[in-house]
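**Student:**
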Amino acid sequence: MSSTFETIANIIAETCDIPRDSITPDSHAINDLGIDSLDFLDIAFAIDKAFGIKLPLEQWTQEVNDGKATTDQYFVLKNLSARIDELVAAKGA
Amino acid sequence: MRIEYFQLIDRIVDLNLADRKISSEALVPAVSTIFEGHFPGYPLMPGVLLIEAMAQTAGWLVVAINRFERMPFLAAVKEAKLRTFIKPGQLLSIDAHLDHDGSGYAIVETKIRAERKLICDATLTLCVLDFPNAKMEQQMRDLAASIGLKVEAPADG
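These protein sequence lines are chains A and B, in that order.
For the first sequence, my numbering assigns the number 707 to the initial residue and increments by one for each residue that follows.
For the second sequence, my numbering assigns the number -12 to the initial residue and increments by one for each residue that follows.
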């Protein structure tokens, strides 16, 4: 799996005290790992710092609330990794 | 400091938006009913109110950076250390620095000094949301003006 996934899995394990072995690319941060919104702020902060980006959490939340996206698109870790890779690429473009 | 009204900041001493820093002052009142219980015969400024003073200073910084378009709410207090007692009548100097401006949240490093001595420090997480209503927004603007927080209107509006 990508180094992006490895990085965010390690961040989640450390931030939320979740065994690293239980975190997989198909894990849903909320539904499977039980991460709440406040803990996810800590994760977002660590991800922002690690990748030099700003995760658009508010935009994603709005899209989910408006029915334009599902939480799977942003909070299943392989999908989150892909979104992060896109943001990193956009930053360097 | 109007401690009973939870208005802990007396004035903004300095605001530097480029460096994302703010400094404020707050004079702990000589007399307050709070000191009758905290503690009888040995009045001390409660540590939770020192943290609140740091949170309010951090909040004004975030309000200023967002130019009154959004409202910060305290969400988490980390690495808080209360190093020394504060007694009635002491002047607090409070500094805050925005470490990270995230999407819907902010991370702020804060410190309080008294007579140049470090009193307490903490890393605060603030959720940054739309103002719940116009009344609150106006009251925040009025309060900001009363403590000397001056923020220019956004260029586009």
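Note that beta-carbon positions come from the ideal geometry of N, C-alpha and C, so glycine has one too.
Per DSSP, what kind of secondary structure is A/GLU792 in: helix, strand or coil?
**Tutor:** Against the first sequence, residue 792 of chain A aligns to sequence position 86. Three-state result, A/GLU792: helix.
**Student:** With burial defined as no fewer than 16 other Cβ atoms inside 10 Å of the residue's Cβ, what is the status of B/LEU105: buried or exposed?
**Tutor:** Walking along the second sequence from the start, residue 105 of chain B turns up at place 118. Exposed, since its Cβ has fewer than 16 Cβ neighbours within 10 Å.
**Student:** When DSSP labels each residue in this structure, what does B/LYS122 get in the three-state scheme?
**Tutor:** On the second sequence, position 135 is the one that residue 122 of chain B refers to. Here B/LYS122 sits in helix by DSSP.
**Student:** Note down, in chain order, each residue of its chain lying with its Cβ closer than 6 Å to the Cβ of A/ASP801, except the 5 sequence neighbours on either side.
**Tutor:** Outside the displayed span of chain A (707 to 799) sits residue 801 of chain A, for which this structure offers no information.
**Student:** Which whole runs of the alpha helix (DSSP H) in the stretch 26 to 88 of chain B are 4 residues long or more, in chain order?
**Tutor:** 34 to 52
**Student:** Is the distance from the Cβ of B/ARG(-11) to the Cβ of B/GLU12 below 7 Å?
**Tutor:** The count along the second sequence starts at 1 and reaches residue -11 of chain B at position 2. The count along the second sequence starts at 1 and reaches residue 12 of chain B at position 25. Taking 7 Å as the Cβ cut-off, B/ARG(-11) and B/GLU12 do not qualify as a contacting pair.
**Student:** Using a beta-carbon distance below 7 Å, is B/ILE52 in contact with chain A?
**Tutor:** Position 65 of the second sequence, counting from 1, holds the residue named residue 52 of chain B. For B/ILE52, the answer is no, since every Cβ of chain A falls outside 7 Å of its Cβ.
**Student:** Report yes if the C-beta distance between B/VAL64 and B/ALA93 is below 7 Å; otherwise report no.
**Tutor:** Counting from 1 along the second sequence, the entry for residue 64 of chain B is found at position 77. Counting from 1 along the second sequence, the entry for residue 93 of chain B is found at position 106. Against a cut-off of 7 Å, the Cβ pair of B/ALA93 and B/VAL64 comes out as no contact.
**Student:** Closer than 7 Å by C-beta to B/PRO148: which residues in its own chain qualify, once you throw out the five before and the five after it? Chain order, please.
**Tutor:** Because chain B is modelled from -12 through 144, residue 148 of chain B falls outside the range shown and cannot be assessed.
**Student:** I need the straight-line Cα distance from A/ASP727 to A/ILE718, nearest angstrom please.
**Tutor:** Sequence index remark: in the first sequence, residue 727 of chain A carries index 21 (1-based). Sequence index remark: in the first sequence, residue 718 of chain A carries index 12 (1-based). Each residue's alpha carbon lies about 11 Å from the other.
**Student:** Can you list, in chain order, the residues of its chain with a C-beta nearer than 8 Å to that of B/THR149? Leave out the 5 residues immediately preceding and following it.
**Tutor:** In this structure chain B extends from -12 to 144, so residue 149 of chain B is not present and cannot be described.
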